[in-house]
Amino acid sequence: MFDCDVLVIGGGIVGLSTAYALTRAAPGTRVTVLEKEHALARHQTGRNSGVIHSGIYYRPGSLKARFAVQGAAEMVKFCAEWGIPYEVTGKLVVATGREELPRLHALVQRGRENGIPVRELGPSQISEYEPRVRGLAAIHVGTTGICDYTAVSERLAEASGARILYGAEVTVVDRRPFGVAVRTADGRVVRAKVLVNCAGLHCDRIARLAGDDPGMRIVPFRGEYYELADPSLVRGLVYPVPDPAFPFLGVHLTRGIDGGVHIGPNAVPALAKEGYGWSVVRPRELGATLAWPGSWAIAREHWRYGAGELHRSLSKRAFTEAVRRMLPIVEESDLRRAAPGVRAQAVLRDGTLVDDFLIREAPRTVHVLNAPSPAATASLPIGREVATRALARL
5 MFDCDVLVIG GGIVGLSTAY ALTRAAPGTR VTVLEKEHAL ARHQTGRNSG
55 VIHSGIYYRP GSLKARFAVQ GAAEMVKFCA EWGIPYEVTG KLVVATGREE
105 LPRLHALVQR GRENGIPVRE LGPSQISEYE PRVRGLAAIH VGTTGICDYT
155 AVSERLAEAS GARILYGAEV TVVDRRPFGV AVRTADGRVV RAKVLVNCAG
205 LHCDRIARLA GDDPGMRIVP FRGEYYELAD PSLVRGLVYP VPDPAFPFLG
255 VHLTRGIDGG VHIGPNAVPA LAKEGYGWSV VRPRELGATL AWPGSWAIAR
305 EHWRYGAGEL HRSLSKRAFT EAVRRMLPIV EESDLRRAAP GVRAQAVLRD
355 GTLVDDFLIR EAPRTVHVLN APSPAATASL PIGREVATRA LARL
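All the letters of the sequence shown, read from the start, carry residue numbers 5 to 398 under our numbering.
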């Protein structure tokens, strides 16, 4: 009657980690993964900066804090065991203005509460790590690293033993007391005892197809990147002091596992769930975003922040000036456009930006409704958490 025990929608790193955890926790569990693209990790997973985050930013006791700290250590171990390129580089968080110093000191305290070793640096000590970076003060976080999350995803898929169906965009979900049936755009029907929704940018739509009100909507924010023409200008990872009012970390410098240095991302509203450029507009998706009251609440409350991000999107000079606060030597000609990404940010009806991972359960279903950064770092613990909830419903 059932084609599988657990059906996972979404072939990003969270969905694949869930499949991996399911077969590890309950050998013999039949798992199928539906991926609408023709390859794995095509969206958030494969378009981020490749950072293994330490967990320093996140509220103590939150899922993000617990899973990022735990996940960072596990991700390093996973990469080492499976021969996936990685490096524990450490990173600097740099204050360039006096108004940022209290936030930097608060970050030190938060890091210590989360059990993360943090070293405080003065201006001369910054140069020991990054000779061309300038700031009033900084902290060094030694547990931050980099890896290739697409390679991690592919290994998780292989190690899970799950059946993966590509080109399988979900259009219908029929949930009954005894199980769930899903129809894809090409007419395939897959029946399972339990459904796990790890659809990322489309998770709210899948929840509604299943008959559940998620109480949020995914509002897509595009992150645009540049890369340094001369990567020798930066040794490792350099971040600004984040504004705690936003879930975005600001424009930062990241030396990737390939040796190149990416700069970004900014955060501008995308005009489609997969709106990787201003020319990508999908009226139905844009209309859904505009119809959600939370979108307008964000615009009213944070329009100044948004205007600055928009300016940096449309003006390379403005983007360069943001970088020059930390790396004064850089010129506009030193920056080359790189591939953008889109962040799936859950927004509540009142405009609250959901600042933690959000996992909700319903009959025969588990929904992952907010899993932006640091979800790749935290993917192994997230996968175990989701798998535990799914197995309880078999």
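Ideal Cβ placement from N, Cα and C applies to all residues, glycine included.
From a predicted model like this one, the values you see are computed outputs, not experimental measurements.
Leaving out five residues on either side along the sequence, give the residues of the same chain with a beta carbon under 6 Å from the beta carbon of residue i.
i: Ala366; result: Asp216
i: Val177; result: Val186, Leu213 and Ala214
i: Arg353; result: Pro297 and Gly298
Secondary structure at residue i, three-state DSSP: helix, strand or coil?
i: Tyr24; result: helix
i: Thr381; result: coil
i: Leu395; result: helix
i: Leu352; result: strand
i: Pro287; result: helix
i: His315; result: helix
i: Glu104; result: helix
i: Asp338; result: helix
i: Arg51; result: helix
i: His57; result: coil
i: Glu365; result: strand
i: Gly119; result: coil
i: Gly139; result: coil
i: Arg328; result: helix
i: Thr293; result: helix
i: His42; result: coil
i: Arg63; result: coil
i: His109; result: helix
i: Gly68; result: Note on identity: in this sequence residue 68 is Lys, with Gly being the wrong assignment. Looking at Lys68 - three-state DSSP - the assignment turns out to be helix.
i: Leu11; result: strand
i: Leu205; result: helix
i: Ile130; result: helix
i: Val200; result: strand
i: Arg34; result: coil
Rounding to the nearest angstrom, what Cα-Cα distance links residue i and residue j in this structure?
i: Gly240; j: Gly139; result: 16 Å
i: Arg209; j: Leu237; result: 43 Å
i: Thr36; j: Tyr62; result: 33 Å
i: Trp86; j: Arg304; result: 47 Å
i: Glu103; j: Val112; result: 16 Å
i: Leu331; j: Phe361; result: 33 Å
i: Thr100; j: Arg123; result: 17 Å
i: Leu20; j: Phe6; result: 21 Å
i: Ser164; j: Arg116; result: 35 Å
i: Ile386; j: Ile302; result: 28 Å
i: Pro181; j: Ala161; result: 29 Å
i: Met220; j: Arg159; result: 32 Å
i: Ser319; j: Val198; result: 48 Å
i: Ala396; j: Pro218; result: 21 Å
i: Gly119; j: Pro248; result: 20 Å
i: Trp296; j: Asp359; result: 18 Å
i: Pro31; j: Thr369; result: 20 Å
i: Phe250; j: Leu357; result: 8 Å
i: Leu125; j: Thr147; result: 16 Å
i: Ala77; j: Ile222; result: 29 Å
i: Ala141; j: Ser128; result: 9 Å
i: Gln74; j: Thr22; result: 16 Å
i: Gly310; j: Ala274; result: 12 Å
i: Met130; j: Arg136; result: Here residue 130 turns out to be Ile, not Met, going by the sequence shown. Taking the straight line joining both Cα atoms gives about 9 Å.
i: Ile312; j: Val184; result: Note that residue 312 is Gly in the sequence shown, not Ile. Cα-Cα distance, rounded: 45 Å.
Can you list, in chain order, the residues of its chain whose CB lies under 7 Å from that of residue i, leaving out five sequence neighbours each side?
i: Val80; result: Ile56, Tyr90, Val92 and Gly149
i: Arg34; result: Cys8 and Asp9
i: Ala322; result: His315 and Arg316
i: Val372; result: Val18, Asn201, Cys202, Cys207, Ile363 and Val390
i: Ile168; result: Gly15, Val37, Glu39 and Ala161
i: Arg340; result: Tyr230, Glu231 and Ala233
Taking residue i and residue j to be in contact with their CB atoms under 8 Å, please state how far apart those CB atoms are, rounded to whole angstroms.
i: His264; j: Pro235; result: As written in the sequence, residue 264 is Gly, which differs from the His given in the question. Right, their Cβ atoms sit about 5 Å apart.
i: Ala110; j: Glu231; result: Incorrect: roughly 31 Å between the Cβ atoms, too far for contact.
i: Leu96; j: His144; result: 6 Å
i: Ile17; j: Ala350; result: Actually they do not touch by this definition, with Cβ atoms about 18 Å apart.
i: Val272; j: Arg328; result: Incorrect: roughly 20 Å between the Cβ atoms, too far for contact.
i: Val194; j: Leu11; result: 6 Å
i: Tyr280; j: Val346; result: 6 Å
i: Ala1; j: Ala382; result: This structure leaves residue 1 out entirely; the chain is present only between 5 and 398.
i: Glu278; j: His42; result: 14 Å between Cβ atoms; not a contact.
i: Ile88; j: Asp190; result: No, Ile88 and Asp190 are not in contact; Cβ-Cβ is about 32 Å, not under 8 Å.
i: Glu228; j: Asn270; result: 5 Å
i: Leu108; j: Val255; result: Contact doesn't hold; Cβ gap of about 17 Å is too wide.
i: Thr258; j: Ser58; result: 14 Å between Cβ atoms; not a contact.
i: Val174; j: Ile13; result: 6 Å
i: Ser157; j: Leu44; result: 5 Å
With a threshold of 7 Å, establish whether the CB of residue i neighbours any heavy atom of the ligand ADP.
i: Asn374; result: No copy of the ligand ADP occurs in the structure displayed, which carries no ligand at all.
Among residues of its own chain, excluding the 5 on either side of residue i, which ones have a beta-carbon nearer than 8 Å to its beta-carbon?
i: Ala276; result: Pro224, Val284, Val285, Arg286, Glu289 and Leu290
i: Glu335; result: Thr324
i: Arg393; result: Ile363, Glu365 and Val370
Any beta carbon from chain D within less than 8 Å of residue i's own beta carbon?
i: Glu103; result: Included in the structure is just one protein chain, with no chain D present.
Can you list the beta strand (DSSP E) stretches of 3 or more residues lying completely in the stretch 71-100, in chain order?
95-99
Note down, one range per segment and in chain order, each beta strand (DSSP E) of at least 3 residues found wholly within the stretch 208-252.
220-232 and 241-244
Residue ranges of each beta strand (DSSP E) run of no fewer than 3 residues wholly in the stretch 152-179, ordered along the chain?
167-170
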